[in-house]
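Q: The structure's right below; bear with me while I get my questions together.
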Amino acid sequence: MASAAAAKIAEVRETTRVERIGAHSHIRGLGLDESLEARHVSQGMVGQMSARRAIGIVLKMVRDGRIAGRAVLLAGQPGTGKTAIATALAAALGHDTPFTSMAGSEIYSLEMGKTEALTQAIRKSIGVRIKEESEIIEGEVVEVQIERPATGVGTKVGKLILKTTEMETVYDLGGKMIDSILKEKVQSGDVITIDKATGKITRLGRSFARARDYDATGQQTRFVQCPEGELQKRKEVVHTVTLHEIDVINSRTHGFLALFSGDTGEIKPEVREQINGKVAEWREEGKAEMIPGVLFIDEVHMLDIECFSFLNRALENEMAPIVIMATNRGITRIRGTNYKSPHGIPLDLLDRMIIVPTSPYEEKELREILSIRCEEEDCQMSDNALTVLTRISKETSLRYGMQLIMTSSLIARKRKAAEVDVEDIKRAYQLFFDEGRSVQFLKEYQQEFMFNEEDAIEMDTS
Amino acid sequence: MQDVQNQKSFQYLYEVETLAQDILTDKETKLDLSNSRNKFREAFRALQGVEDRRTWMQMGSVFVERPTEECKRILLNEIANADKDIEGLDKSIKSKLHKLRDLEHEPRLEGFTLNPISAAEAKALHKAFGAV
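This is how it looks when you write it as structure tokens:
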């Protein structure tokens, strides 16, 4: 009995989570308490207390939804948790607030212009909440009576008796309803819903009370409980759609095809204007709520001067989302110009932003992060090994340290050990170069490589 | 005993339970109203097929004979009243539910205070997104 239960649990584990493990998949939120103070280690976030607090305030701003068109810049060295903070913000916002994440270089595409790509990204980050209401009649069919006139022509009349667990009533049927009942092949024992506005009949399945243990039953027969409560119900459904989705529907006659083929192409400005008008009308009538979301642009220094001036303008719009950008560059050339500027962002745009710096992790924090990652990657590591790995991450980079977790765990598994020990880490460290050693190696053996030119190796990073 | 009544947790539980009971009562009333509305409708439909000029009606425990037209009018009136009462109950249940969720520290249900979009607009959306 116990073993059977255990087998069942194993089965469940296998089927529920087949998600792949990404670099930031351990993050579940910003790890703040009620007063927006950052807890040291919480929800997968470690350290970066001041940056997390700052983003916590941004989160509050977004939740209240009062302020639109603000820009936030996350600036810091590589591997200081900029993307982690953005991921955490997305997780903390929940599924209802639109969050669009893009890399700066994504806007360069042959299919659409740069500004079009930016506009789409912006409109993907603005949600519209609408409510749909319908009156339905839902119940189990007790009896259908349909009387055809003896002559075969003329109007048919019929009766439909429906019940729920609480009540039962008779409906007289008109000709149209009789037709759709015949079409749906409704018979006694079915559970059906009738949409009052359109008269559409939907069969939900057979009632459990009518379930018989026959040998030959159709496979599709679905058994459902007899509905509870009233027969006549009001159904309210709230949808959250983004402006971009509405754009796409209206820019094509077969909107839904465009949604799934992924080829949306450029959307005409007239369509956008129409949508804006319609949404404004809905808002005035109290039919819609705007949800300004978050647009996250990683590697923002990859945008060029045209995009920056476009962003400048787009942020002025009252329907603009909150834009969060991240960069790891210092003073560098603005793409598309010969001018240098901090973070590769023009000064006028920089002036509009609030800048949140991230700082390199302390050794203690590195250890915390690595142990969280070990857990995420299902890898048992001894204390000594973790200390060595922390040391390595401190000297090289956190990313390299995280790579070593999986590689050393595979090495440990090969020697059939239950947990990763110092020797596995050492072996992985010897097998795989970090960036520093790779550069050193190249410097030493440069002569032996092909097409090697002395001192011409300066990477153009703009 | 006096002490217990002044305790904060007691007060809290009292509030939550009263509100929840209110909602249950409202639901019950709605069910009754809906049931009687169905009965009125059935009666009205039955009268439509009747040729007699006068009809017997049971009001409470008394039978009265009134002209058929007047009976129909009374029934229609009752149906309209029931509709209005159910509408009101719907609204009050909704606001009470919001209050209850606040008391229980559950997240707010967003968007249910909006006016509904028209049926045509809803249909267009469903066409685009498939059946939601």
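As they're listed, the protein sequences go chains A and B. Note that full-length UniProt numbering gives residue 99 to position 99 of the first sequence, counting from 1, and the numbers run on in steps of one. Note that full-length UniProt numbering gives residue 13 to position 13 of the second sequence, counting from 1, and the numbers run on in steps of one. Glycine is no exception: its CB is placed at the ideal position from the N, C-alpha and C atoms.
(1) If you scan the region 77-132 of chain A from start to end, which runs of the beta strand (DSSP E) of 3 or more residues do you find wholly inside it?
(2) Run through chain B and tell me which residues come within less than 8 Å of Lys416/A, C-beta to C-beta.
(3) Within the 8 Å Cβ cut-off, does Glu106/B reach chain A?
(4) Could you please give the first and the last residue of the uninterrupted beta strand (DSSP E) stretch that includes Arg340/A?
(5) Mind checking whether the beta-carbon of Pro98/A lies closer than 7 Å to any heavy atom of the ligand GTP?
(6) In terms of residues, what are the limits of the alpha helix (DSSP H) holding Ala54/A?
(7) Name the DSSP bridge partner or partners of Gly139/A?
(8) Using 8 Å as the threshold, is the C-beta distance between Thr29/B and Leu89/B below it?
(9) If you measure beta-carbon to beta-carbon, which residues of the region 33-58 of chain B are closer than 7 Å to chain A?
(10) Gln43/A touches chain B at which residues, Cβ-Cβ below 8 Å?
(11) Which residues in chain B sit within 9 Å of Lys287/A, going by Cβ to Cβ distance?
(12) Does the count of Cβ pairs from the region 98-115 of chain A and the region 295-313 of chain A closer than 8 Å reach three?
(13) Starting from Tyr171/A, trace the beta strand (DSSP E) both ways and give me its first and last residue.
(14) Considering just the uninterrupted stretch of the alpha helix (DSSP H) at Phe310/A, what are its terminal residues?
(15) Quick check: the region 287-295 of chain A against the region 98-107 of chain A, are there 3 or more CB pairs under 8 Å?
(16) The alpha helix (DSSP H) that contains Ser92/B, what's its start and end?
(17) Helix, strand or coil for Gln11/B per DSSP?
(18) So Pro116/B and Lys131/A are in contact, right, with Cβ under 8 Å, and what is the actual spacing, rounded?
(19) Of all Cβ atoms in chain B, is any one closer than 8 Å to the Cβ of Ile130/A?
(20) Applying the criterion that 16 or more other CB atoms from any shown protein chain within 10 Å of the CB defines a buried residue, is Trp282/A buried or exposed?
(21) Measuring only the C-alpha atoms, how far is Glu318/A from Arg352/A?
(22) Which residues of the region 167-195 of chain A have a Cβ closer than 7 Å to any Cβ of chain B? Give them in chain order.
(23) For His24/A, does the three-state DSSP call read helix, strand or coil?
(24) Between the C-alpha atoms of Val248/A and Arg123/A, what's the straight-line distance to the nearest angstrom?
(25) If you measure between the beta carbons of Pro360/A and Gln77/A, is that distance less than 8 Å?
(26) Is Thr240/A closer than 8 Å to Arg129/A when the C-beta atoms are compared?
(27) Using the three-state DSSP reduction, which class does Val186/A fall into: helix, strand or coil?
(28) Less than 8 Å between the C-beta atoms of Ile93/B and Leu33/B, yes or no?
(29) State the Cα-Cα distance for the pair Asn338/A and Phe441/A, rounded to the nearest angstrom.
(30) Consider the Cβ of Glu143/A: report whether some Cβ of chain B lies at a distance smaller than 8 Å.
(31) For Ala45/B, does the three-state DSSP call read helix, strand or coil?
(32) From Thr119/A, Asp378/A, Ala88/A and Val41/A, pick the residue whose C-alpha is nearest to that of His244/A; which is it?
(33) State the Cα-Cα distance for the pair Lys443/A and Phe451/A, rounded to the nearest angstrom.
(34) Exposed or buried, which one is Glu37/A when buried takes at least 16 other CB atoms within 10 Å?
(35) Leaving out five residues on either side along the sequence, give the residues of the same chain with a beta carbon under 6 Å from the beta carbon of Tyr171/A.
(36) Say whether chain A places a C-beta atom closer than 8 Å to the C-beta of Asp90/B.
A: Inspection of the coordinates gives the following:
(1) 99-103
(2) The contacting residues do not exist; Lys416/A stays about 48 Å from chain B at best.
(3) no
(4) The question names Arg, yet the displayed sequence has Lys at residue 340/A. Note, Lys340/A: beta strand (DSSP E), Lys340 to Pro342.
(5) Looking at this structure, you won't find the ligand GTP or any other ligand, since it has none at all.
(6) Met49 to Asp64
(7) Ile192/A
(8) yes
(9) Ser34, Asn35, Asn38, Glu42 and Arg45
(10) Ordered by position in chain B, no residue passes the 8 Å Cβ test against Gln43/A, which lies about 17 Å from the chain.
(11) Leu114, Asn115, Pro116, Ile117, Ser118 and Glu121
(12) yes
(13) Glu168 to Leu173
(14) Ile305 to Ala314
(15) yes
(16) Thr68 to Leu103
(17) helix
(18) 5 Å
(19) yes
(20) buried
(21) 15 Å
(22) Met167, Thr169, Val170 and Asp172
(23) coil
(24) 11 Å
(25) yes
(26) yes
(27) coil
(28) no
(29) 34 Å
(30) no
(31) Inspection of the sequence shows that residue 45/B is occupied by Arg rather than by Ala. Helix.
(32) Thr119/A
(33) 14 Å
(34) exposed
(35) Leu160
(36) yes
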